[in-house]
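*Asks:*
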Amino acid sequence: MSLAPPGRVPERAPDSRPASGPGSGDPAGPAAAAAPRKTPGRGDPGASTDPGSHAAHGRPATPARRRLLTRGSFPYLLIMPAVLGFAVFKAYPIAASFWISLTTGSGDEQRFAGLANYERLLTDPLFWTALKNTGLILVVQVPLMLGLALLVALGLNSTKVWLRPLWRLGVFVPSLTGLVAAGVMFSVILNRDAGLLNWVLSLFGIDPVNWLGSPFWARVAVVLVITWHYTGYNAVMYLAGLQGIPKELYEAAMVDGAGPVRRFFAITLPQLRPILLLTVVLSTIGTLQLFDEPYVLTGGGPDNSTLTVTMYLYDNGFTYFDFGYASALAYALALIVSVLGIIQVRLMGERR
Amino acid sequence: MTSRGPLLTVLLAGAFGLCVGPFYWLAMAATQDDKDVFSWPPKLLPGGHLLDNLQGLQESIGLTRVLLNTVVVAGVQTVGAVVVSVLAGYAFAKFDFRGRNLFFVLLLSTLVIPDTVMLIPIFQMMMELGLIDTYQSVILPGLVTPFGIFLMRQALRSMPDELLDAARVDGAGELRVLWRIVIPVNRPIIAALALFVFLGAWNQFVWPLIALRSPEMYTLPVATATLQGLSTTNYAHVLLASALAAIPVMALFLVLQRQFISGLLAGATKE
Numbered sequence: 000m001s002l003a004p005p006g007r008v009p010e011r012a013p014d015s016r017p018a019s020g021p022g023s024g025d026p027a028g029p030a031a032a033a034a035p036r037k038t039p040g041r042g043d044p045g046a047s048t049d050p051g052s053h054a055a056h057g058r059p060a061t062p063a064r065r066r067l068l069t070r071g072s073f074p075y076l077l078i079m080p081a082v083l084g085f086a087v088f089k090a091y092p093i094a095a096s097f098w099i100s101l102t103t104g105s106g107d108e109q110r111f112a113g114l115a116n117y118e119r120l121l122t123d124p125l126f127w128t129a130l131k132n133t134g135l136i137l138v139v140q141v142p143l144m145l146g147l148a149l150l151v152a153l154g155l156n157s158t159k160v161w162l163r164p165l166w167r168l169g170v171f172v173p174s175l176t177g178l179v180a181a182g183v184m185f186s187v188i189l190n191r192d193a194g195l196l197n198w199v200l201s202l203f204g205i206d207p208v209n210w211l212g213s214p215f216w217a218r219v220a221v222v223l224v225i226t227w228h229y230t231g232y233n234a235v236m237y238l239a240g241l242q243g244i245p246k247e248l249y250e251a252a253m254v255d256g257a258g259p260v261r262r263f264f265a266i267t268l269p270q271l272r273p274i275l276l277l278t279v280v281l282s283t284i285g286t287l288q289l290f291d292e293p294y295v296l297t298g299g300g301p302d303n304s305t306l307t308v309t310m311y312l313y314d315n316g317f318t319y320f321d322f323g324y325a326s327a328l329a330y331a332l333a334l335i336v337s338v339l340g341i342i343q344v345r346l347m348g349e350r351r
Numbered sequence: 000m001t002s003r004g005p006l007l008t009v010l011l012a013g014a015f016g017l018c019v020g021p022f023y024w025l026a027m028a029a030t031q032d033d034k035d036v037f038s039w040p041p042k043l044l045p046g047g048h049l050l051d052n053l054q055g056l057q058e059s060i061g062l063t064r065v066l067l068n069t070v071v072v073a074g075v076q077t078v079g080a081v082v083v084s085v086l087a088g089y090a091f092a093k094f095d096f097r098g099r100n101l102f103f104v105l106l107l108s109t110l111v112i113p114d115t116v117m118l119i120p121i122f123q124m125m126m127e128l129g130l131i132d133t134y135q136s137v138i139l140p141g142l143v144t145p146f147g148i149f150l151m152r153q154a155l156r157s158m159p160d161e162l163l164d165a166a167r168v169d170g171a172g173e174l175r176v177l178w179r180i181v182i183p184v185n186r187p188i189i190a191a192l193a194l195f196v197f198l199g200a201w202n203q204f205v206w207p208l209i210a211l212r213s214p215e216m217y218t219l220p221v222a223t224a225t226l227q228g229l230s231t232t233n234y235a236h237v238l239l240a241s242a243l244a245a246i247p248v249m250a251l252f253l254v255l256q257r258q259f260i261s262g263l264l265a266g267a268t269k270e
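Protein chains in written order, with numbering that gives the first Met the number 0: chain D, 0 to 351; chain R, 0 to 270.
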């Protein structure tokens, strides 16, 4: 308000925008504003040149030729690149992938096969192995990582800690690394005979662990590497959430005699719920699509113990060029991701 | 109560060590002779083979060309994706138009669809367009980032309308408002978005691995992965390649960390 020259726009009021202003997601509201939008007021200054949301009664008329880009057409110009890209690289591939999943054959000899790929998928032991591996990693890794991230965030949020910016910087650094760089680095660090980790363990008298060579430890290694990679990122998200919690809530709770544990469960966790939900959903999506780390670390081995669904999809699509089956795998994965996402939003979002 | 400070500090320093320690080791290992990478105990001081290893990488993967490819791909993709995101984010944040909510929801819903679903059709499309093994094939699919558009919309919504209207009243056209007001005022958040996109573009692996065929087109992550697949892997070289991949991103992050973290927070806390 204060930024507008007051003498020239006497009647402007900040709340003259409809409550359905941009992004409120209310489809009913904009209907009122929509009417003038279709006639963007070209050469009709009386009808207001900015349709919809603004009251511009006091505005001096502007010559029509200076209004080539009216507010009516301008937003469409703005979103045009996004719409084009969306159509070509999102909408079309999502639809095409479904069609391909109904075909068999390779290269130019794709032919319609109905649900054959999906039937094959249900009886394919490797698919179930991959799904089991992925699920196992998900169930162990996501709670471990998010729990650690919350602890780190609580620590970083404490004013009693010295050198906070340094620690915050440090824990965030791993999430900057590419998956390949991290994978390569850890494939050497986890080396059985000469790796850094086994050397550190030996300092504590622990025998060398065959990190990448045994099915059990290979899974542990994958979990460790992903946890290393993303914990700091989630911690910084939580830190943001913690800093947004009003101090008064804690003060009031302390007056009421609530101890630290009580305050954590009664204030901190509920206040963090939106961000917790976001990180749970994002981590779940990410873990279900796990590819790079096992690809670089273990190649899916030993004995397929770290084969993930996306790796199996990649093998079928780009090693055997079985696009139909790979697309069916992709859709099965998409289905699992969506269902889990919906369940999580339901479980965590409902008690708001 | 007062004794908690030192304890927490020590714990956080431990977390810091776990996070940063591997990088220290990586930097040291990248300067060793191949044999010394696997020496026991590990060498934790710089070796004298950095230049040898750089030369080895130049011979095995054509390091300069691979770096150039990565810079071109990540640079162009970043600029393109930021432009698309700023334009669309501004439209979603500040304009009412028919179809706005529908398109925004469609766009966001693609966030939950695994990227792998799209790999094969995009691969086929690129084959038919004859773009496989070109920069375009890697760059184009990354130009529309639902996350980027979402982030920009969140950020631009908090810009006061009075600011925009004041410029309009003064006779500025819409493009001028965008260029002279919206972009300068939001430069920090746009810088944060650019960092996010650059991070993803610089490190992307699966799609370039599929889209690129010839070694002289490879980006650094793809070249690094192929190096490691060789039976006679020179680990000093692979580790140096990994270190080289990490250095530019970390340098950028150090310079722009305030923007980066505030960008992360903008996406996380609003709405």
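Even for Gly, the Cβ is constructed at its ideal location relative to N, Cα and C. Source: prediction; values computed, not measured.
Starting from R/Pro113, find everything on chain D with Cβ-Cβ shorter than 8 Å and list it in chain order.
*Replies:* Neighbours of R/Pro113 on chain D, chain order: Ile284, Leu287, Gln288, Thr309, Ala329, Leu332, Ala333, Val336.
*Asks:* Say whether chain R places a C-beta atom closer than 8 Å to the C-beta of D/Pro74.
*Replies:* Yes - at least one Cβ of chain R is within 8 Å of the one on D/Pro74.
*Asks:* Run through chain R and tell me which residues come within less than 7 Å of D/Lys159, C-beta to C-beta.
*Replies:* Near D/Lys159 (Cβ distances below 7 Å), the residues of chain R are Arg3, Gly4, Leu7.
*Asks:* Under DSSP, the alpha helix (DSSP H) around R/Glu161 begins and ends at which residues?
*Replies:* That run of the alpha helix (DSSP H) goes 160–168.
*Asks:* What in chain D is Cβ-close to R/Tyr134, meaning under 8 Å?
*Replies:* Chain D residues near R/Tyr134: none, gap ~16 Å exceeds 8 Å.
*Asks:* Hey, out of D/Gly113, D/Ala90, D/Ala94, whose CA is closest to D/Leu101's CA?
*Replies:* Residue D/Gly113 is the option with its Cα nearest to D/Leu101.
*Asks:* Would you kindly report the start and end of the unbroken alpha helix (DSSP H) that includes R/Ser136?
*Replies:* Segment 134–138, the alpha helix (DSSP H) holding R/Ser136.
*Asks:* Please report the distance separating the alpha-carbon of D/Tyr319 from that of R/Gly46.
*Replies:* Cα to Cα, the separation comes out at about 43 Å.
*Asks:* From the DSSP secondary-structure annotation, give me the bridge partner or partners of D/Thr102.
*Replies:* In DSSP, D/Thr102 forms a bridge with D/Phe111.
*Asks:* How far does the alpha helix (DSSP H) with R/Thr8 in it reach, from first residue to last?
*Replies:* Counting along the chain, the alpha helix (DSSP H) containing R/Thr8 begins and ends at 3–28.
*Asks:* Tell whether a beta-carbon distance below 8 Å holds between R/Val298 and D/Phe290.
*Replies:* Residue 298 of chain R lies beyond the stretch modelled for chain R, which goes from 0 to 270, so this question has no answer here.
*Asks:* Any beta carbon from chain D within less than 8 Å of R/Trp39's own beta carbon?
*Replies:* With 8 Å as the cut-off, R/Trp39 counts as an interface residue toward chain D.
*Asks:* Can a CB atom of chain D be found closer than 8 Å to the CB of R/Ala217?
*Replies:* The residue asked about is misnamed: residue 217 of chain R is Tyr in this sequence, not Ala. R/Tyr217 does not count as touching chain D.
*Asks:* What would DSSP say about R/His48, mapped onto helix, strand or coil?
*Replies:* Coil.
*Asks:* Can you name, in chain order, every residue of its own chain whose Cβ lies under 6 Å from the Cβ of R/Gln123, other than the five neighbours on each side?
*Replies:* Correct list: empty, nothing qualifies.
*Asks:* Taking 7 Å as the limit between beta carbons, can you name the residues of its chain near R/Lys269, skipping five residues before and five after?
*Replies:* Here R/Lys269 scores only 43 on pLDDT, less than 50, and its place in the model should not be relied on; the value that follows carries that caveat. Here the set comprises Gln153.
*Asks:* Return the first residue and the last residue of the alpha helix (DSSP H) that R/Thr218 is part of.
*Replies:* Taken as a continuous stretch (DSSP letters only), R/Thr218 belongs to no alpha helix (DSSP H), as it is neither H nor E.
*Asks:* Beta-carbon of R/Ser157 versus every beta-carbon of chain D: anything under 8 Å?
*Replies:* So no, R/Ser157 is outside the interface.
*Asks:* Specify the secondary structure class of R/Ile131 as computed by DSSP and reduced to three states.
*Replies:* In this structure, R/Ile131 counts as coil in the three-state DSSP scheme.
*Asks:* Hey, D/Tyr229 and D/Met144: beta-carbon distance below 8 Å or not?
*Replies:* Yes, the Cβ-Cβ distance between D/Tyr229 and D/Met144 is below 8 Å.
*Asks:* If you measure between the beta carbons of D/Val170 and R/Ala14, is that distance less than 8 Å?
*Replies:* For D/Val170 and R/Ala14, yes; Cβs fall inside 8 Å.
*Asks:* Please confirm whether D/Met184 has its beta-carbon closer than 8 Å to some beta-carbon of chain R.
*Replies:* Judged by the 8 Å Cβ criterion, D/Met184 is in contact with chain R.
*Asks:* Going by C-alpha to C-alpha distance, which of R/Trp201, R/Val111, R/Met117, R/Leu255 sits closest to R/Val65?
*Replies:* Measuring from the Cα of R/Val65, the nearest candidate turns out to be R/Trp201.
*Asks:* Count the other C-beta atoms from every protein chain shown that fall within 10 angstroms of the C-beta of D/Ile218, then say buried if there are 16 or more, exposed otherwise.
*Replies:* Here residue 218 of chain D turns out to be Arg, not Ile, going by the sequence shown. The residue in question, D/Arg218, is buried, as its Cβ has 16 or more Cβ neighbours within 10 Å.
*Asks:* Would you mind telling me which residues of chain R sit closer than 7 Å to D/Trp359, beta carbon to beta carbon, in chain order?
*Replies:* This structure gives no information on residue 359 of chain D, because the portion of chain D shown stretches from 0 to 351.
*Asks:* Is any non-hydrogen atom of the ligand SAH found closer than 7 Å to the C-beta of D/Lys246, if you look at the structure I gave you?
*Replies:* As for the ligand SAH, it is missing from this structure, which has no ligand bound.
*Asks:* Considering only their Cβ atoms, is the gap separating D/Leu77 from R/Leu86 smaller than 8 Å?
*Replies:* Yes. Within cutoff.
*Asks:* 8 Å is my cut-off, CB to CB: does D/Leu178 come that close to chain R?
*Replies:* For D/Leu178, the answer is yes, since a Cβ of chain R falls inside 8 Å of its Cβ.
*Asks:* Since I believe D/Asn233 is in contact with D/Ala95 (beta carbons under 8 Å), could you give me their beta-carbon distance rounded to a whole number of angstroms?
*Replies:* With a Cβ gap of about 34 Å, D/Ala95 and D/Asn233 do not count as contacting.
*Asks:* Which residues in chain A have a C-beta closer than 7 Å to the C-beta of D/Ser326? List them in chain order.
*Replies:* In the structure shown, chain A cannot be found, because the protein chains are D and R.
*Asks:* From what residue to what residue does the alpha helix (DSSP H) around D/Trp216 run?
*Replies:* Run containing D/Trp216: 214–242, per the alpha helix (DSSP H) assignment.
*Asks:* I want to verify the contact list: residues of chain D whose CB lies under 8 Å from the CB of R/Thr77, in sequence order.
*Replies:* Ordered by position in chain D, no residue passes the 8 Å Cβ test against R/Thr77, which lies about 15 Å from the chain.
*Asks:* Counting only Cβ pairs nearer than 7 Å, list the residues of chain R close to D/Gly154.
*Replies:* Residues of chain R passing the Cβ test: Leu7, Leu10, Leu11.
*Asks:* Whole angstroms is fine: what's the gap from D/Ala33's alpha carbon to D/Ala333's?
*Replies:* Note that D/Ala33 scores a pLDDT of 38, beneath 50, so its modelled location is shaky; the value from the coordinates is reported in the next line. If I take the Cα positions, the gap works out to 36 Å.
*Asks:* Starting from R/Met249, find everything on chain D with Cβ-Cβ shorter than 9 Å and list it in chain order.
*Replies:* Within chain D, the residues near R/Met249 are Val172, Leu175, Thr176.
*Asks:* Mapping the DSSP letters down to three states, classify R/Gly88 as helix, strand or coil.
*Replies:* In the structure shown, R/Gly88 sits in a helix (DSSP, three-state: H, G or I).
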